[in-house]
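Now the structure itself:
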């Protein structure tokens, strides 16, 4: 059984109440397990654009808004990381793509988890693989 207590949700700003935090944690833990890894610790921080932009400038040297930044501290099969998610970006993208806030939020969360699992999205092929993985895991929610 995957360790759902390894997933913690935090609100830096823009309080967001997940509809089912324990269900989301279980879903993430199961995705990690299906990829043959073990979830040690995952901190998911919901924040505003200003906070995430500061992180983006400080650590990645990018002066752009983004929906998620992933910090990977994983070792071997042990998944350990932090996901910083901009709720204003999620809201905007949900409208742009005509999906619910919940759908967009879960897509971005699993996107970050896939990065922790070793997937990248630098090339068109890698993006395609990641999108298929996202869709597959989203169908298991």
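Residue numbers (the numbering used here): -16 to 124.
In this text, a Cβ means the ideal position worked out from N, Cα and C, and glycines have one as well.
Under 8 Å by Cβ, that's how I've got residue 53 and residue 88 pegged, so tell me the actual separation to the nearest angstrom. Incorrect: roughly 15 Å between the Cβ atoms, too far for contact.
State the Cα-Cα distance for the pair residue 29 and residue 48, rounded to the nearest angstrom. 14 Å
By alpha-carbon positions, which one of 37, 123, 46 and 23 ends up nearest to residue 59? 23
Residues near residue 93 by beta carbon distance below 7 Å, same chain, minus five either side: 14, 117, 120 and 121
Does any C-beta atom of chain C lie closer than 8 Å to the C-beta of residue 66? Here there is only one protein chain, and chain C is not present.
Please state whether the Cβ-Cβ distance between residue 69 and residue 50 is less than 8 Å. yes
Tell me residue 26's beta-bridge partners as DSSP assigns them. -9 and 65
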